[in-house]
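Novice: My questions will all concern the structure given below.
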Ligand code: AP5
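Numbering (full-length UniProt numbering), first residue to last: 1 to 192.
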């Protein structure tokens, strides 16, 4: 099973991807998590990505394409994977199409979570509150200013991907405003 989750920041991509990893025994490939790990380890990629991420902007296509291509080759991706937060620009989508073709792999579905923007700010605030309550570290881009920029980047650079995948016939849209269990049930129906 090879899937892509599309949707704005806070749409629930990570939440649903994690649930599917358990069900299908395949990994969640979150470019956001991979980049945050690189920042935490102060690798070369992490050093280049930190300021861009803190400002709510997108890291360069070149960096993320390379990270994903390497990650897909890992043994735990042999049965499939769930791409969460990648691709995020049309050039990334084209690079992924070529990458999969080169590796002889095909996507099963592209699932877009549709949500109202007003709800997203509240979800980000909830995540911050939950993280603080649990004694965790709040993401450096989970603040009103960076979140506004993340939404702008989404509208400008990522939203056009819906058309890209509608043209290939792979796009499936799910109401991301429903509660987590109902969203999962809709996704299960698509993948059945
Ligand atoms: P990334 O880590 O991918 O963040 P994001 O896309 O902004 O998405 P989030 O993690 O905020 O949201 P999500 O949709 O996963 O929602 P979640 O399930 O957590 O990217 C961060 C940064 O990395 C980018 O800004 C960029 O700089 C860089 N980057 C990453 N990938 C890149 C790429 N490909 N190219 C270039 N740069 C890249 O849910 C959010 C909250 O809502 C949670 O608290 C959750 O419990 C709650 N929730 C979830 N579902 C529901 C529901 N149905 N109802 C109510 N609450 C819900």
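Yeah, the Cβ is synthetic: ideal placement off N, Cα and C, and Gly gets one too. If you're wondering where the values come from, they're calculated on a predicted model, not measured in any experiment.
(1) Distance check for residue 108 and residue 170, CA to CA, integer angstroms please.
(2) Is there a Cβ of chain D sitting closer than 8 Å to that of residue 157, yes or no?
(3) With a 10 Å radius around its C-beta and 16 neighbouring C-beta atoms as the bar for buried, classify residue 135 as buried or exposed.
(4) Could you say which of 97, 40 and 80 lies nearest to residue 161 if we only look at CA atoms?
(5) Starting from residue 30, trace the beta strand (DSSP E) both ways and give me its first and last residue.
(6) Provide the residue span of the alpha helix (DSSP H) that contains residue 129, from first to last.
(7) Let me know the secondary structure DSSP gives residue 139 once reduced to three states.
(8) Which residue wins for smallest C-alpha separation from residue 114, given the options 149, 32, 18 and 172?
(9) What is the DSSP secondary structure of residue 73, counted as helix, strand or coil?
(10) Please classify residue 174 as buried or exposed, where buried requires at least 16 other C-beta atoms within 10 Å of its C-beta.
Specialist: Concretely, from the data shown:
(1) 8 Å
(2) Absent here is chain D; the protein component of the structure consists of one chain.
(3) exposed
(4) 97
(5) 28-30
(6) 117-133
(7) Per DSSP, reduced to three states, the secondary structure at residue 139 is coil, with no helix or strand assignment.
(8) 172
(9) coil
(10) buried
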